[in-house]
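Protein chains in written order, with the numbering used here: chain A, 1 to 331; chain B, 1001 to 1293; chain C, 2001 to 2325.
Worksheet: the structure to be examined is printed underneath.
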Amino acid sequence: MLDEDILVVKDLKKYYPIRGGLLLRIVGYVKAVDGVSFNVKYRETFGIVGESGCGKTTLARTILRLIEPTGGEIYFEGENILSYKGEKLKDFRRKAQIVFQNPYMALHPRKIVRDIVSEPLKIHTDLSKEDIYDRVLEMLEKVGLSEEHMFRYPHEFSGGQRQRIVIARALILNPKLLVLDEPTAALDVSVQAKILNLLKSLQKEFKTTYLLISHNLSIIDYMCDRIAVMYLGKFFEIASKRDLFKRQLHPYTKALISAIPLPEPDSGRRERRIILRGEVPSPINPPSGCYFSTRCPYAQPLCREEEPRLEEVDEGHFVACHYWRELEDLG
Amino acid sequence: MKILDKWLMEHKYKIQDVKLMMNMIRESFLAKLGLTIITMFILTAIFAPFIATQDPLMQDLTNRFQPPSLEHPFGTDHLGRDIFSRVVYGSRISLMMGITVTLILFTIGTTLGLIAGFFGGAVDEIIMRITDIIMAFPSLILAIAVAAALGPSLLNTMIAIAIVGWPRYARLARANCMQVKNELYIEAARAIGVSNLRLIFSHIFPMIISPLIVQATINLGGVILLAAGLGFLGLGAQPPTPEWGLMVSEGRRFISRQWWISGFPGLAILLVALGFNLLGDALRDILDVRMRR
Amino acid sequence: MEKLLDVRDLRTYFYTYRGVVKALNGVYLTIKDGEVVGLVGETGSGKSVTARSIMRLIDPPGRIVGGNVFFEGRDLLKLSDREMTKIRGRKISMIFQEPIIALNPVLTIRTQIIETIMANRDVSVNEAEEIALELLEAVGLPNPKMIMKRYPFELSGGMAQRVFIAMAISANPRLLIADEPTSSLDVTIQAQILDLLNRLMEEGRISSMLYITHDLGVAAELCHRIAVMYGGRVIEFASTEEIFKEPLHPYTRSLLKAIPRLGYYDELYTIPGRVPDLVNPPSGCMFHPRCPYMKDVCKKEIPEYVEIDNSHYVACHFAGVKDVR
Ligand SMILES: Nc1ncnc2c1ncn2[C@@H]1O[C@H](COP(=O)(O)OP(=O)(O)OP(=O)(O)O)[C@@H](O)[C@H]1O
Ligand SMILES: Nc1ncnc2c1ncn2[C@@H]1O[C@H](COP(=O)(O)OP(=O)(O)OP(=O)(O)O)[C@@H](O)[C@H]1O
Ligand SMILES: [Mg+2]
Ligand SMILES: [Mg+2]
């Protein structure tokens, strides 16, 4: 089993300390990622969906070792990357890449596109200058830019074009895993369509594994094979896309899917929509028991006392809810 | 043709910057003044042998204390040396010293500041405490102390000024570095495997260089002033070197009647310090405009 | 139904150092009494400028250079500043995308809401306080008394937006202009706010609304009619039904095909090219460089904004000619 998985994450935790008082002592923790376990198979697109502040970006950063986790294990191609140092870490960076949420901030403002996109080649290969130039040009053409763009600075590009540059830089070394942290959140609908199409066709060409993070379920649905639903640093449900849209077991997943406004008038969804009470609790002092219990329309006393474990209830379908069976019978 | 096009594209902004700089200098009187002074200063230093009317060290005891005249535009001193030629040659010493010391200051200060800002923690603590100690003293006093301890010479003057001056660059570099290192594009660079060294010097440094250059330009005047101060106190260049501070000091005894002996080298010091200050201010304005683009 | 708002040929330009940004190039828009009109379009298409022009909130370097904004029969652009101040807040009020920024950070919610109420209604402080509590309750805030004591930064985005809505409806305005009020909120919170707006409409607390959004899904759920903007013009305006089922403008059609929808996995349709530069806009129809049906006339003549079918307005040379597509 293990060798179909490119990435295995076990009980990953990342707590940010909160300092306060005169001496800046640690007065508490933001539990941004709080015990997350999942695996990503080769060449699939694994989606993580969740609302803002639930820890998606933190999870992405931790997986790529841009920040150190508080606890847990991360295996990439069977090896524990948390023990990596020096050359090994550098080699890992070659194999796992990231595209950030905000293309306006992810490019060095004083470097021209050629230098930005060629940097991975300069660091990880010893190609000649001419070879590097050719590779960069080839990659830029793949993402829909051309030679004339090579000598421009990032501020001369639109958001969509910048995201293309970021993607070109991420894919130029042909990484095995590409983490996409809300790659289109800052872009317009028509530009978003172009980037999503591009990502899909590049995945076919390079056979890359994608880990796609988004708060937009329509995008997750469009892009992904399997989906994890995240809430307050925890995964509530993991399932294949087909399962998840057919049969949501967790009440939060249900509410989330029903909340998407569809571009179809009179779909009657408004009437059937589950409106959640209140707002997402603070990750500094999450509720006791199930983190969703404060907003869950079906919460029982048990939910406030005991935290449900994420368990596999059907093949490949995981859910963390005490009453998923009862809820399913309820319809 | 194609190569030229590429070059033009790649350097478009540098060319624009130069144009912008020219425009701004053209529009501001003070900037023009500063630029004129500094250009003249540098040209004088380069072409000193052609400008000087005689050997700056040549004594002519029969011609002592000559007031300014056609033959000796700035007069002669107590040893009958031509002050004009001495001032002209003195520009070489000042320029050489100013540039060398500023380069040293810039390099040491910026490197330490970047390291402190980037790594933080204990390294940062140590470097910052050292800068605190140095900056607690007035710079001239500290420079005097260091120069006195090392013994008077031109080289020791430079060392003394360098020791006194680097903390300012270090603090500026550190503060900017701490800001820049949290930017997303720096994290993005880390994600593609850029080493710390490369991150500091190829990614962060270009972002923080502008204020440092302004600082260096303004500081050049200060360095020259400080060197002259040490020379004046006899802790810097030694006679018969035509160093401006030393010349002012030598003429001090005769100031009431032969004012030109101290007066002209003094004026040179003043002009050059002023020139660098004006130029630095103009540069700051220009870089501000560029930042806003 | 009668026209509450009738915007005709509205033009707003910004005189910047880059040149004149022609942000609005002849906007036509009508809102009937009791109606919710959606204004959709991509970034920079002029949605916010339209809203701000209606409210006469355009600051230099911007200027409204032409057109009419008829509200209850009067042209707002011809009113004096004093008369306009009376319209704002009382007859037309507005809510924004970033409610926390739009509130004053150093004043408590109580101060701000009471100030708003007293500015627009003839009531005492005590009465205003009562109205405030009732309004906060009406927008679904639990424990209004506690909320009143708080400062804006102590509220979450969703709560702040509710407070803002409460303030906006406090004077029972005839028209509420909502500029992307849920774009910075989460899906489940957005659902709450949309639900709230619907409820307030049903309760009659909001009578008519201009709802600006770039999310076609939100527009579909909330609006009776939808106006689509492109390059500073409304290029299509029709009932929600027709916009989604029978869009006439090529831009509207493209836009609809570009959004990912649940259960749809084919390649998304993309619109070639980029949004027009409003300093040097393309000649003729603004959309012509990106339009799949472009003909010569599109490059030369600006298409007029005309009624094609019953109440279906389009600005396209070939909107009436069905077989072009
Ligand atoms: N460097 C940090 N220090 C302290 N807290 C942090 C830090 N970064 C993030 N957090 C907190 O951790 C939580 C998760 O943040 P994260 O950015 O991972 O969320 P996200 O799911 O990516 O949200 P969004 O959708 O807004 O991008 C938030 O409560 C955030 O405030
Ligand atoms: N103060 C201003 N100065 C100059 N140009 C402006 C100004 N305000 C708006 N514009 C320009 O007017 C055009 C329309 O802007 P507007 O804010 O109405 O877009 P929008 O449709 O609301 O977009 P978004 O979805 O991003 O809010 C843009 O091209 C913008 O650059
Ligand atoms: Mg994020
Ligand atoms: Mg707007």
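For each residue, glycine too, the CB sits at the ideal point set by N, CA and C.
Computed from a predicted structure; not experimentally measured.
Measuring straight from C-alpha to C-alpha, what distance separates residue i and residue j?
i	j	result
A1237(B)	S1094(B)	11 Å
A1189(B)	I1025(B)	37 Å
W1259(B)	P1152(B)	26 Å
R65(A)	L82(A)	8 Å
G78(A)	L1112(B)	41 Å
Q1066(B)	L1154(B)	29 Å
R2290(C)	P2272(C)	6 Å
F1106(B)	F1119(B)	19 Å
L211(A)	Y42(A)	11 Å
N2068(C)	V2020(C)	21 Å
A1147(B)	I1099(B)	19 Å
L2133(C)	K2145(C)	7 Å
K31(A)	Q101(A)	21 Å
P283(A)	C54(A)	8 Å
Could you name the residues of the same chain whose beta carbon sits closer than 8 Å to that of residue i, not counting the 5 residues immediately before and after it, in chain order?
i	result
Q248(A)	E237, K254, I257
F2070(C)	K2003, L2005, D2006, V2007, R2008, L2076
Ligand 2 and residue i: does the residue's C-beta get closer than 8 Å to at least one heavy atom of that ligand?
i	result
I2212(C)	yes
S2045(C)	yes
L2278(C)	yes
G2062(C)	yes
Residue i touches chain C at which residues, Cβ-Cβ below 7 Å?
i	result
R43(A)	Correct list: empty, because the minimum Cβ distance to chain C is about 17 Å.
E264(A)	A2220, F2244
K194(A)	T2270
Indicate the three-state DSSP secondary structure (helix, strand or coil) for residue i in the structure shown.
i	result
T2030(C)	strand
G1113(B)	helix
K2086(C)	helix
E2137(C)	helix
E2221(C)	helix
F245(A)	helix
L1142(B)	helix
Y2151(C)	coil
V1194(B)	coil
Y2013(C)	strand
L1225(B)	helix
M2209(C)	strand
T1076(B)	strand
L7(A)	strand
A96(A)	strand
I1126(B)	helix
L2(A)	In this predicted model, L2(A) has a pLDDT of only 47, less than 50, meaning its place in the structure is not dependable; the value taken from the coordinates is given anyway. The answer is helix: DSSP assigns L2(A) an H, G or I state.
R1171(B)	helix
H2312(C)	strand
Taking 8 Å as the cut-off, is the CB of residue i close to at least one heavy atom of ligand 3?
i	result
Q101(A)	yes
Residue i touches chain A at which residues, Cβ-Cβ below 7 Å?
i	result
P1152(B)	Within chain A, no residue comes near P1152(B); the closest Cβ sits about 44 Å away, beyond 7 Å.
R1129(B)	Within 7 Å Cβ-Cβ: nothing; R1129(B) doesn't reach chain A, min ~19 Å.
E1010(B)	I112, F151
Below 8 Å, is the gap between the Cβ of residue i and the nearest heavy atom of ligand 4?
i	result
S2048(C)	yes
E2180(C)	yes
E2161(C)	The sequence shown places Gln at residue 2161(C), rather than the Glu named in the question. No - ligand 4 has no heavy atom lying nearer than 8 Å to the Cβ of Q2161(C).
Q1016(B)	no
Q2097(C)	yes
If the cut is a Cβ gap below 9 Å, which residues of chain B does residue i touch?
i	result
K90(A)	G1193, S1195
Would you say residue i touches ligand 1, meaning its beta carbon is less than 8 Å from a heavy atom?
i	result
H124(A)	no
V27(A)	no
Taking Cβ-Cβ distances shorter than 8 Å, what residues in chain C pair up with residue i?
i	result
N197(A)	E2267, L2268, T2270
Please list, in chain order, the chain B residues whose beta carbon lies closer than 7 Å to that of residue i.
i	result
F100(A)	L1184, A1188
Among the residues of its own chain, which have a CB less than 6 Å from the CB of residue i, if the five just before and after it don't count?
i	result
I2177(C)	A2051, M2094, L2210
R346(A)	What the structure shows of chain A is the stretch from 1 to 331, and residue 346(A) is not part of that stretch, so it cannot be assessed.
In chain order, what residues of the same chain lie with their CB nearer than 7 Å to the CB of residue i, ignoring the 5 residues before and after it?
i	result
T1044(B)	I1051, V1088, S1091
I1200(B)	L1114, F1118
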